[in-house]
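Residues in the sequence shown are numbered consecutively from 0, following numbering that gives the first Met the number 0.
Here's the structure, in structure tokens; my notes come after.
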Amino acid sequence: MTNRAIAHARLRASRLLGGDCVLPSAVDVVRWFGAVQSQDVPGAMWAVAQRMAPGTTVEDVGSAFDAGEIVRTHAMRPTWHFLAPDELRWIQALTGPRVRQGNAALNRRSFHLTDEDFATAISVIREELAGGRTRTRDDFRAPLAAAGIDVGQPIVLAYLAMEAELTAAICSGPRLGRQATTYALVDERIPPTPKRDRDEALRDLVVRYFTSHGPALVRDMSWWSGLTVTDLRRGVELAGDALQRRTIDGQEYVAAPGGFEPPPVDAPFVRLLSNYDEYLGSYVDYSPIFDPALPKARNVADVLGAHIVVRDGFVVGGWRRALGPKAITVSVTLLLPLDAREREALAAEAEALGRFFGLPADLRVVVG
0 MTNRAIAHAR LRASRLLGGD CVLPSAVDVV RWFGAVQSQD VPGAMWAVAQ
50 RMAPGTTVED VGSAFDAGEI VRTHAMRPTW HFLAPDELRW IQALTGPRVR
100 QGNAALNRRS FHLTDEDFAT AISVIREELA GGRTRTRDDF RAPLAAAGID
150 VGQPIVLAYL AMEAELTAAI CSGPRLGRQA TTYALVDERI PPTPKRDRDE
200 ALRDLVVRYF TSHGPALVRD MSWWSGLTVT DLRRGVELAG DALQRRTIDG
250 QEYVAAPGGF EPPPVDAPFV RLLSNYDEYL GSYVDYSPIF DPALPKARNV
300 ADVLGAHIVV RDGFVVGGWR RALGPKAITV SVTLLLPLDA REREALAAEA
350 EALGRFFGLP ADLRVVVG
């Protein structure tokens with residue numbers, strides 16, 4: 000199986016091929032992956048929209064977010080993810096303890112918060128949000144200080160809120176303006192859901208990951224989820240026939256049944272993917288989706304530190320967005336040249352990005 004075959008199989012698994020791959024709603028996209036990385040909220044919304052019907056806008060996805068059809072919280076690694084509301088509790092119960100363990104080590108080294116401080120903070124935050132209220136993180140600063148917790152460092156406030164998220168006390172509320180910055184109580188925003196057996200939850204998340212990201216390695220999912228390789232190997236065993244394994248170049252890849260068969264990919268295929276898109280940021284081993292012709296130039300890390308240009312499933316450059324009042328500027332730096340048809344596809348993709356944000360797109364391309 001070649002890198003191209005793996006890349007094409009992943010394009011289908013990631014629902015980026017359009018047509019039959021399109022999903023009907025934002026929550027269907029999030030549920031397909033299990034979790035969608037979302038610290039860059041506009042980029043994450045664009046990633047969701049790329050798996051939905053053409054013409055989906057930021058307000059379409061934003062309205063689903065405001066209505067609580069998808070929620071945003073810390074769940075893995077640690078970073079923010081979109082989750083389906085009815086899956087928040089069991090996913091956090093599975094992945095949250097590992098994140099909290101890592102945070103505790105950081106706290107011991109740097110912040111010196113006690114278990115009593117965390118318990119007090121969560122109690123204060125719950126009181127601030129009770130009765131269906133929403134608050135920004137900064138709104139917690141004064142009541143936490145009044146309770147005797149030193150929140151002078153902004154990062155301390157962030158970690159206190161994260162602890163409340165990871166224990167399923169709070170999650171996102173509606174946006175404040177266009178920013179996903181408010182919190183609400185989980186128990187008031189999300190109806191009760193039954194607790195799940197850990198093995199059942201582990202099996203479900205493992206199947207979900209390798210169905211939506213495969214072919215992939217167990218250590219790829221370990222990076223994505225924060226769970227141990229030992230745990231995940233057990234999850235693969237629990238999955239039984241729901242997953243298949245194949246050794247490629249001495250490494251064992253895992254995918255859903257049929258997930259190793261590359262689909263046809265119509266040329267030209269060019270996508271502007273956000274920097275944390277699940278097609279990109281969910282693996283330790285990036286080699287199957289990097290064009291082998293990429294130069295070993297000094298600016299490669301800078302170019303690929305932005306959002307990513309993908310051609311035929313392979314990373315070939317980076318792009319940046321600048322939202323203005325009258326247009327969105329899309330600045331593309333290509334590490335490999337595109338032919339005329341591919342440049343047209345790139346321009347069409349920039350126009351789609353502009354329609355998503357409700358602005359004309361000003362595309363600027365350099366080959367670096």
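Cβ atoms here follow ideal geometry from the backbone N, Cα and C, with glycine treated the same way.
From a predicted model like this one, the values you see are computed outputs, not experimental measurements.
First and last residue of the uninterrupted alpha helix (DSSP H) at residue i
i: Y158; result: P153 to L165
i: T119; result: D114 to L128
i: I5; result: N2 to A12
i: T229; result: V228 to A238
Span of the beta strand (DSSP E) around residue i
i: Y252; result: Q250 to A254
i: A326; result: Per DSSP, A326 belongs to no beta strand (DSSP E) and is neither H nor E.
i: A183; result: T181 to L184
i: A360; result: A360 to V366
i: V283; result: V283 -> no beta strand (DSSP E), and no H or E assigned at all.
i: T72; result: V70 to M75
i: S171; result: I169 to S171
i: V206; result: From DSSP, V206 is part of no beta strand (DSSP E) but of the alpha helix (DSSP H) over R197 to H212.
i: F81; result: T78 to L82
i: V40; result: Note, V40: premise wrong, no beta strand (DSSP E); alpha helix (DSSP H) at V40 to A48.
Counted within 10 angstroms of its Cβ, other Cβ atoms place residue i as buried (16 or more) or exposed
i: L175; result: exposed
i: L184; result: buried
i: A321; result: exposed
i: P376; result: In the structure displayed, the chain extends from 0 to 367; residue 376 sits before or after that span and is not available.
i: G368; result: Outside the displayed span of the chain (0 to 367) sits residue 368, for which this structure offers no information.
i: P263; result: exposed
i: G213; result: buried
i: S281; result: buried
i: L159; result: buried
i: D290; result: buried
Rounded distance between the beta-carbons of residue j and residue i, thought under 8 Å
i: V269; j: E341; result: 6 Å
i: L237; j: R202; result: 4 Å
Among the options, the one whose alpha carbon lies nearest that of residue i
i: T78; options: E164, T113, G131 and S122; result: E164
i: I90; options: N102, P41, V57 and A167; result: A167
i: M220; options: V28, G151 and L279; result: L279
i: A52; options: V315, A349, V21 and V331; result: V21
i: L112; options: L87, P96 and I154; result: I154
i: A292; options: P190, L337 and R354; result: L337
i: G61; options: V314, L334, A25 and D85; result: A25
i: F259; options: A215, P191 and V205; result: A215
i: T210; options: G304, V235 and P191; result: V235
i: T135; options: A103, V366, G42 and I169; result: I169
i: Q152; options: G54, T94, S109 and T119; result: S109
i: Y275; options: G257, W223, T229 and T246; result: W223
i: A66; options: T332, Y182, T229 and G172; result: G172
Inspect the CB distances between the stretch 238-249 and the stretch 306-321 and report whether three or more fall short of 8 Å.
no
For the structure I just gave you, are there three or more beta carbon pairs, one from the stretch 349-367 and one from the stretch 320-332, closer than 8 Å?
yes
Validate contact between the stretch 79-91 and the stretch 27-38 using beta carbons, cut 8 Å, 3 pairs:
yes
Answer yes if the stretch 248-255 comes into contact with the stretch 44-63, meaning at least three C-beta pairs across the two stretches below 8 Å, and no otherwise.
no
Is it the case that the stretch 256-273 contacts the stretch 333-351, given that we only count it when at least three CB pairs across the two stretches are under 8 Å?
yes
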